[in-house]
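With the first letter of the sequence shown counted as 1, position 68 gets the number 71 in the working numbering; the numbers rise by one all the way through. Virtual Cβ for every residue (Gly too), placed ideally from N, Cα, C. For clarity, every value in this text was computed on a predicted model and none was experimentally measured. Written below as structure tokens is the structure these notes are about.
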Amino acid sequence: MALPNEPDVPAPTPAPVRPADAELVAQAEAPAAATAEVSPESADTAAVRAAGKAKPGAAPARAALAARKALPAGAAAALLDAVADDEGESEGWLITYLDMITLLLVMMVVMLAFAGKFEGVGEASEALARQSGTAAPVELPLPTTPPETMAVPDLGEDIEVLVKDKRISFRISSEILFESGQADLSLGGLTLLRRLLPVLRESPHPIAVHGHTDAVPIRSARFPSNWELSGARAGSVVRYFEANGIDKQRLRAVGFADTRPLADNASAEGRASNRRVELVLEQPAD
């Protein structure tokens, strides 16, 4: 049965929304919107959590994979790049440290090598010092060939050296040591003998001082003959050596007068050569 037509009823008009009600609606919809979007800050937090869940000692690849699953694609890629940069920096300081250790080892090897060389030099020096301290004194050469006369540069041309058999003789003209007819040493004679002192002190041999004159006789209250004159001159030289530190047990004075001439007494030059004093270093008997 048909119903009678009913008049159209207008739709109800919604009540106006007040500002306070709009604010409440926005607060209610905020959590849903937060779950739908992931901010960069929340992505970092998720990465940290994922890394924390990884087991201690696990491989870096596993930790990176866990972090990547927990993050969106863009955030995971950024995190992996940061981890790679950190690993590169860590390897960089390790390489620098190893280089420094290598350099230190090289320096130690070089120092040890030089120390060995210096030690060898020191031992050689000590050995030479011991040898020089215990070496026997070097004897002067005493050839058996005929005597050779030579001037000694260190002692001057006024002193001649004769080497014969086992004797070394220093020959000095009496005109340099004494005044004519006198047995006292002159200033020139003292200066000359002073140059001989170092040589005679170093020698261990006995020293015999021989006095010689020419054939011209002398007659004075002090020297009745050439025997006394030659002996007195030899004695003056011996006393000088003894006063200057030479052991008197090594010294002896002998006067030969004119019995051992070197040249003919007929000429002035020959007589001058015969007036002399000789210092003879005698080789001790075996």
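Buried or exposed by the 16-neighbour rule on C-beta atoms within 10 Å, applied to residue i
| i | result |
| --- | --- |
| residue 277 | buried |
| residue 51 | Unreliable placement is indicated for residue 51, whose pLDDT of 46 sits below 50; the coordinate value is still reported in the next sentence. Counting Cβ neighbours within 10 Å, residue 51 comes out exposed, since fewer than 16 surround it. |
| residue 184 | exposed |
| residue 272 | exposed |
| residue 243 | buried |
| residue 269 | exposed |
| residue 177 | buried |
| residue 107 | exposed |
| residue 265 | exposed |
| residue 192 | buried |
| residue 267 | exposed |
| residue 247 | exposed |
| residue 196 | buried |
| residue 113 | exposed |
| residue 109 | exposed |
| residue 7 | Note that residue 7 has pLDDT 49, beneath the 50 cutoff, so the model's placement of it is unreliable and the number below is only indicative. Classification for residue 7: exposed. |
| residue 117 | exposed |
| residue 224 | exposed |
| residue 261 | buried |
Beta strand (DSSP E) segment containing residue i, residue limits
| i | result |
| --- | --- |
| residue 255 | 254-258 |
| residue 212 | 210-215 |
Segment limits, alpha helix (DSSP H) that includes residue i
| i | result |
| --- | --- |
| residue 240 | 229-246 |
| residue 276 | 271-277 |
| residue 179 | 177-180 |
| residue 202 | 190-205 |
For residue i, the residue or residues it bridges with in DSSP
| i | result |
| --- | --- |
| residue 280 | 175 and 214 |
Nearest to residue i (by Cα), restricted to the options the options
| i | options | result |
| --- | --- | --- |
| residue 263 | 279, 206, 249 and 114 | 279 |
| residue 179 | 219, 100 and 162 | 162 |
| residue 194 | 222, 175 and 275 | 175 |
| residue 216 | 101, 274, 246 and 200 | 274 |
| residue 189 | 227, 199, 169 and 239 | 239 |
| residue 250 | 205, 99, 101 and 95 | 205 |
| residue 199 | 95, 98, 160 and 116 | 160 |
| residue 218 | 170, 229 and 241 | 229 |
| residue 171 | 202, 237, 182 and 103 | 202 |
| residue 186 | 103, 241, 167 and 115 | 241 |
| residue 237 | 181, 102 and 96 | 181 |
| residue 252 | 221, 220 and 207 | 207 |
Any non-hydrogen atom of the ligand ATP within 6 Å of residue i CB
| i | result |
| --- | --- |
| residue 95 | The ligand content of the structure shown is nil, which means the ligand ATP is not present either. |
Open item on the list: Taking contact to mean 3 or more Cβ pairs, one atom from each stretch, closer than 8 Å, check whether the region 203-215 and the region 277-286 are in contact.
Closed with: yes
Task: Cβ pair count under 8 Å reaching 3, the region 223-236 against the region 257-269 - done: yes
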